[in-house]
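Student: Be aware that the sequence shown starts at 12, since it is given in my numbering, and climbs by one per residue.
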Amino acid sequence: MPRTRGSGIARGARRARAWLAARSIRARLLVGALLLCAGGLVSAEVVCTQLFRGYLMDRTDDQARILQTRLGLLEVLAPQVNRIPGDLRSVLVRTGAVGTHAVVEFRDASGKTQLRFSTSDESAPPPALPPAASTPVGEPFTTGTGDDDGRRYRVLVRERPGGGTVAAAIDLTPLNDTTRRLIRIEIVVTAVVLTGLALLGSAVVRIGLKPLADVEATAESIIDGDDLSRRVPERAPPSTEIGRLSATLNTMLVRIDQSFAESSAAQERLRRFVADAGHELRTPLAAVLGLVELHRSGAAGSRQDVTALLDGIEAEGRRMRLLVEDLLLLARLDQERPQASEPVDLVPLAVDALATARATEPDRPLRLDLPPGDEDRGNGDDGPRPTVVGDDVRLARVLTNLVSNALRHTPAGTSVTVRIGTDEKAGQAVVEVADTGPGVPEEEAERVFDRFHRVGDGRDRASGGTGLGLSIVAAIVTAHGGSVRCLRTPGGGATFEVRLPLRDPAM
């Protein structure tokens, strides 16, 4: 099947698009701008050339009319047609009314040529004009001579008073030469202008895309040096595309940097957590193995000694079980597993926590401060209740851990007070567990919620704590959308304040 011109153009367009797609943005912008400029210049030059050629053609038509006017006057004055060429040349030379080369042909009424001559001084015979039957009268037209020289003429035919016609033809060679010279000049000017535009456009595009080069350099430096602290210079106004791109990339880099920092901190916490967990588990395991080895060596000779060894093993086993349960709870909290979401009244939880503490240390002075109207929980008063939404089992664990922490780290006889209240402006329930013991140093107030962190002498584990109680409190409170902090008790001691969002009355 033969190839069509349309299919060739389509293939060429596809190749051009593929070539541009493989080039850089700078090259595509430059090529696009040059193509637009070239199209505009060529269009303007074509229009100018056509207008200029039309102007020259109008002048040639005027010359043909002037020549016909001179011919008409000479034909009236001259007694014979054969004398007209000499007289016409002399008139034209004096007036300068015609160009370098014009052909005149007289024809009789039958169309036969009576006289044909040229107004120039050329020695060659004048070319023949088109037959009379094919020449319109009164309107200029363009025709070729049919000669080997390929000249074209602008012809104007006029009827003679006595019958017949006279044709005046002006050579268009000077007009065509002028037009061709103009086209050559336009081609040179176009080439020079496009070359200058290419150089200037390359510089302008390079300057305009400098922010993109900065983005590329910043990205490469981050990849090569792994330096996430670098930022893209924002050299373009925020209202521009490049300015918005730079701002967006900087925001992305900030978030990536924060994510990496958080990830590194999380990994460091995980390593420290695993190390501390291994350290905590190693102690009871070593104690159990030591007691077993002591029994195997025969050191426990009596039944009482065997019972003591078994009691020691049981105590260490309970300690490991408590530690493992705490670790499992923290793992579940870290995974953000779904928890119960029910209305929880904090007053019964505080009462139960203090009841457990009294069973453990009956001689310890313990006190519960309730909101107004709640001192007598059975009086039916409808005062404001500190009710939150959450998991009652885990919230009970918060109060139990805080009270146990106060009992464990204060001397015997130190008072412990649990306060339950509300902050109506903030929309929060407030739980405070305060003691009058030695308190927590200011530099330790933020670290007491870290896992396996102990303050001062608590590191000796004599009290049986795992160092996870306050970490569990912080994790549970955070999971419920609240906050916990360690404060100083007025007069001495430590106060742990828990704030939880109050339940929406509309629920």
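For each residue, glycine too, the CB sits at the ideal point set by N, CA and C.
1. In this structure, does DSSP put Arg-354 in helix, strand or coil?
2. Would you check if the distance between the CB atom of Phe-507 and the CB atom of Ser-482 is smaller than 7 angstroms?
3. Beta carbon of Thr-398, beta carbon of Ala-364: below 7 angstroms?
4. From Ile-196 to Glu-116, what does the alpha carbon distance come to, in whole angstroms?
5. Hey, would you say Val-429 sits closer than 7 angstroms to Ala-361, going by beta carbons?
6. Measuring alpha carbon to alpha carbon, tell me which residue in Asp-73, Glu-56, Pro-248, Leu-186 is nearest Val-199.
7. Rounded to a whole number of angstroms, what is the C-alpha to C-alpha distance between Thr-259 and Val-215?
8. Mapping the DSSP letters down to three states, classify Phe-117 as helix, strand or coil.
9. Please report the straight-line C-alpha distance between Gly-122 and Tyr-66, rounded to a whole angstrom.
10. Smallest Cα separation from Val-87: which of Gln-61, Arg-76, Pro-172?
11. Thinking C-alpha only, which one of Val-442, Ala-486, Asp-182 is nearest Leu-339?
12. With the cut-off set at 7 angstroms, would you say Ala-120 and Gly-174 are in Cβ contact?
13. Using 10 angstroms around the beta-carbon of Ser-257, count the other beta-carbons present and answer buried if the total reaches 16, otherwise exposed.
14. Distance check for Ala-49 and Ile-253, CA to CA, integer angstroms please.
15. Return the CA-CA distance between Arg-388 and Ser-240, expressed in angstroms with no decimal places.
16. Go ahead and label Ser-129 buried or exposed: buried means 16 or more other beta carbons lie within 10 angstroms of its beta carbon, across all protein chains shown.
17. So, at 8 angstroms on beta carbons, what are the nonlocal neighbours of Thr-421 in its own chain, with the 5 sequence-adjacent residues on each side left out?
18. Can you tell me which of the three DSSP states Arg-165 falls into?
19. Which word fits Ala-224, buried or exposed, when buried means at least 16 other C-beta atoms lie within 10 angstroms of its C-beta?
20. Grab the span of the beta strand (DSSP E) containing Asp-519 for me, first residue to last.
Tutor: The structure says:
1. It is Pro, not Arg, that sits at residue 354 in the sequence shown. Here Pro-354 sits in strand by DSSP.
2. no
3. no
4. 37 angstroms
5. yes
6. Glu-56
7. 24 angstroms
8. strand
9. 33 angstroms
10. Pro-172
11. Ala-486
12. yes
13. buried
14. 28 angstroms
15. Residue confidence for Arg-388 is low, a pLDDT of 46 falling below 50, so the modelled location carries little weight; the figure read from the coordinates is stated next. Between Arg-388 and Ser-240, the C-alpha separation is close to 58 angstroms.
16. buried
17. Val-427, Asp-446, Thr-447, Gly-448, Pro-449, Gly-504
18. strand
19. exposed
20. The structure shown has nothing for residue 519, since the chain only spans 12 to 518.
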